[in-house]
Amino acid sequence: PPRSPSRRGSASRAGSGRASETMNFLLSWVHWSLALLLYLHHAKWSQAAPMAEGEHKPHEVVKFMDVYQRSYCRPIETLVDIFQEYPDEIEYIFKPSCVPLMRCGGCCNDEGLECVPTEEFNITMQIMRIKP
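Positions -48 to -1, 1 to 84 (mature numbering (1 follows the signal peptide of the UniProt record, and there is no 0)) are the ones given, in order, by the sequence shown.
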């Protein structure tokens, strides 16, 4: 039996609706699969790069003994401005302008004591001295 044009039109609309639903399902599936893949990749990367000793998570409370052990008087690498060491050579530009040196740092447990070096020695480093 012949169909009326309105029925044929509604049948084709229903078919395109199923195709649309299938396409939406596939796009959603691809979207969630990519999200899962990114999540797993990040989790794997986090495990591959453990935190170094002494590093802490952003909101983690650092334990008292860790703070105490890291704050006592001891040599600490400090960036020193070259003009502090050579104040009479202000007509030059130094590259780099500061160098890493081991200097006394930290705190003494007794307020009557002061953190001072027990040994001093010179270190020779190559730097550029430029006359502008």
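Even glycine gets a Cβ: it sits at the ideal position worked out from N, Cα and C.
query, result
"Does the stretch 9 to 18 come close enough to the stretch 39 to 52 to have 3 or more Cβ pairs within less than 8 angstroms?", "no"
"Considering residue 33, what are the terminal residues of the beta strand (DSSP E) in which it resides?", "26 to 33"
"Looking at C-alpha atoms only, which residue of 31, 24, 36 is the closest neighbour of residue 62?", "24"
"Taking the beta strand (DSSP E) that residue 19 belongs to, which residues open and close that run?", "Not the beta strand (DSSP E): residue 19 falls in the alpha helix (DSSP H), residues 16 to 23."
"Between 60, 34, 12, 57, which has its C-alpha nearest residue 49's C-alpha?", "34"
"Taking residue 68 as the reference, give the member of 26, 79, -15 with the closest Cα.", "26"
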